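Trainee:
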Amino acid sequence: METKNYLHTTVLLNEAVDALLEASVDMDPVFVDGTFGRGGHSRLVLSKLPAEGRLIAFDKDVEAIAEAGKIADARFSIRHEGFSHMAQLPAASVAGVLLDLGVSSPQIDSPERGFSFRFDGPLDMRMDTTRGQSVAEWLQEAETQQIAEVIRDFGEERFAGPIAKAIVARREAGSPVATTADLAELVAGTVKTREAGQNPATRTFQALRIFINAELEELEQALEASLRVLAPGGRLVVISFHSLEDRIVKQFIAKHSKEVFDRRAPFAAPKPMLLKALDRIKPSEAEVSANPRARSAVMRVAERTEVAA
Numbered sequence: 004m005e006t007k008n009y010l011h012t013t014v015l016l017n018e019a020v021d022a023l024l025e026a027s028v029d030m031d032p033v034f035v036d037g038t039f040g041r042g043g044h045s046r047l048v049l050s051k052l053p054a055e056g057r058l059i060a061f062d063k064d065v066e067a068i069a070e071a072g073k074i075a076d077a078r079f080s081i082r083h084e085g086f087s088h089m090a091q092l093p094a095a096s097v098a099g100v101l102l103d104l105g106v107s108s109p110q111i112d113s114p115e116r117g118f119s120f121r122f123d124g125p126l127d128m129r130m131d132t133t134r135g136q137s138v139a140e141w142l143q144e145a146e147t148q149q150i151a152e153v154i155r156d157f158g159e160e161r162f163a164g165p166i167a168k169a170i171v172a173r174r175e176a177g178s179p180v181a182t183t184a185d186l187a188e189l190v191a192g193t194v195k196t197r198e199a200g201q202n203p204a205t206r207t208f209q210a211l212r213i214f215i216n217a218e219l220e221e222l223e224q225a226l227e228a229s230l231r232v233l234a235p236g237g238r239l240v241v242i243s244f245h246s247l248e249d250r251i252v253k254q255f256i257a258k259h260s261k262e263v264f265d266r267r268a269p270f271a272a273p274k275p276m277l278l279k280a281l282d283r284i285k286p287s288e289a290e291v292s293a294n295p296r297a298r299s300a301v302m303r304v305a306e307r308t309e310v311a312a
């Protein structure tokens with residue numbers, strides 16, 4: 004498949020790779036890049052890996068898979084799957100897991116992918132265009148309450164109800180929402196107030212993208228999988244771009260970074276912690292100035308303890 008030459012600037016590139024490679028494991032350096040994207044993190048990891056190292060990448064996007072095909076390195080492999088599939092790797096076999104949860108610039112800037120209200124194109128939003136429903140297809144059959152719940156829960160949009168009613172009303176009038184411009188115009192006509200500098204459709208587009216790709220469910224599954232596949236001393240590095248993702252990552256690390264006492268057995272030994280929280284990093288002012296899409300990024304780093312899951 005031919006890929007288009009949209010530019011992508013990897014956020015927190017050096018910080019993420021440095022944190023990942025600082026893993027202190029007693030094994031060959033095997034790492035997972037759960038979101039290959041356009042390969043920014045993967046290429047830097049490979050440039051620093053020793054000959055015996057390996058990098059296993061995952062991505063749902065067929066264009067990302069095509070880009071990965073340009074890497075001629077025996078230490079590298081990629082799987083056309085979501086990153087939750089790392090659960091299939093052997094237990095304690097990985098020195099580090101990197102998850103960059105952002106949508107890549109080529110996806111956003113490609114009108115035919117339907118991720119952005121800035122370009123008119125089919126309302127698709129699927130990370131993997133080879134399977135599943137597009138947003139437009141789902142909106143043609145979903146009930147008002149379903150649409151409202153998705154926009155409210157995944158977009159934190161207080162006008163979710165009116166937006167959902169407007170979408171269904173337009174569908175029932177024989178002119179269903181089919182393109183990004185259709186949806187952006189409908190939302191703009193429904194949302195009467197919005198934060199300064201933010202397009203009225205921002206939250207709705209985010210919500211529908213998260214829902215159609217089951218992003219939060221997959222993140223939760225991948226975090227659980229990381230506990231199993233990381234070797235003691237291995238690193239978990241996650242870059243989030245909105246509060247829903249970051250909350251899941253923060254709570255997951257916090258949950259597994261403390262000993263758990265069983266109140267029903269007060270004299271029993273506590274259940275040991277499985278992770279050690281190490282760092283929380285935001286992009287520098289210089290990076291945000293050079294790449295405004297970095298401004299909402301948060302990177303969290305944790306280390307797998309010696310305890311077996």
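Going by this note's numbering, the first residue of the sequence shown is number 4, and it counts up by one from there.
Note that CB positions come from ideal geometry on N, CA and C, so glycine has one too.
What you are looking at is a predicted structure, and each value in this text was computed from that prediction instead of being measured.
Output needed for Ala187: all residues of its chain with C-beta closer than 6 Å, excluding positions within five of it in sequence on either side, in chain order.
Mentor: Start at 1 with the first residue of the sequence shown, and residue 187 comes out as number 184. Only Phe120, Ala204 meet the Cβ criterion.
Trainee: Considering only residues of the same chain and omitting the five flanking positions on each side of Ile256, which have a CB-CB separation below 7 Å?
Mentor: Within the sequence shown, the letter at position 253 stands for residue 256. Same-chain partners within the cutoff: Leu278, Ala280, Arg303, Ala305.
Trainee: Measuring alpha carbon to alpha carbon, tell me which residue in Val291, Ala167, Asp282, Gly237 is nearest Gly99.
Mentor: As a working note, residue 99 is residue 96 in the sequence shown. Nearest option by C-alpha distance: Gly237.
Trainee: In this structure, does DSSP put Ile74 in helix, strand or coil?
Mentor: On the sequence shown, position 71 is the one that residue 74 refers to. Coil, per DSSP.
Trainee: Check for me: the beta strand (DSSP E) holding Leu101 runs from which residue to which?
Mentor: Numbered from its first residue, the sequence shown carries residue 101 at position 98. That run of the beta strand (DSSP E) goes 97-103.
Trainee: Just how far apart, CA to CA, sit Val291 and Ala176?
Mentor: For the purposes of this step, residue 291 is taken as the residue at position 288 of the sequence shown. For the purposes of this step, residue 176 is taken as the residue at position 173 of the sequence shown. Approximately 44 Å between the Cα atoms of the pair.
Trainee: Lys1: which of Ser243, Ala69, Thr308, Arg231 sits nearest, CA to CA?
Mentor: This structure cannot settle anything about residue 1, because the visible part of the chain is limited to 4 through 312.
Trainee: Using DSSP with H/G/I as helix, E/B as strand and the rest coil, what is Val14?
Mentor: Counting from one through the sequence shown, the residue named residue 14 turns up at place 11. It is coil, neither helix nor strand.
Trainee: Excluding the 5 residues flanking Ser27 on each side, which residues of the same chain have their C-beta closer than 7 Å to its C-beta?
Mentor: Position 24 of the sequence shown, counted from the first residue, corresponds to residue 27. Taken in chain order, the residues that qualify are Gly236.
Trainee: Output the boundary residues of the beta strand (DSSP E) element that contains Gly237.
Mentor: Within the sequence shown, residue 237 is the residue found at index 234, counting from 1. Start and end: 233-243.
Trainee: May I ask you to report which of helix, strand or coil DSSP gives Glu146?
Mentor: Translated into the one-based positions of the sequence shown, residue 146 becomes position 143. In the structure shown, Glu146 sits in coil (DSSP, three-state: anything other than H, G, I, E or B).
Trainee: Among the residues of its own chain, which have a CB less than 6 Å from the CB of Val194, if the five just before and after it don't count?
Mentor: Counted from its first residue, the sequence shown places residue 194 at position 191. Contacts found: Phe162, Pro203.
Trainee: How should Gly37 be labelled, buried or exposed, when 16 other C-beta atoms within 10 angstroms of its C-beta is the threshold for buried?
Mentor: Looking up residue 37 in the sequence shown gives position 34. Flag for Gly37 reads buried.
Trainee: Within its chain, find whatever has a CB closer than 7 Å to the CB of Gly164; leave out the 5 residues flanking it on each side and keep chain order.
Mentor: Position 161 of the sequence shown, counted from the first residue, corresponds to residue 164. The answer, listed in chain order, is Ala151.
Trainee: According to DSSP, is Ala217 helix, strand or coil?
Mentor: As a first step, residue 217 is located in the sequence shown; it is residue number 214 there, counting from the start. If DSSP states are grouped into helix, strand and coil, Ala217 belongs with coil.
Trainee: By DSSP, does Thr193 sit in helix, in strand, or in coil?
Mentor: In the sequence shown, residue 193 corresponds to position 190, counting from 1. Three-state DSSP puts Thr193 in a helix.
Trainee: Alpha carbon to alpha carbon, what distance is there between Gly40 and Gly72?
Mentor: For the purposes of this step, residue 72 is taken as residue 69 along the sequence shown, with counting starting at 1. For the purposes of this step, residue 40 is taken as residue 37 along the sequence shown, with counting starting at 1. Spanning the two alpha carbons is a distance of roughly 12 Å.
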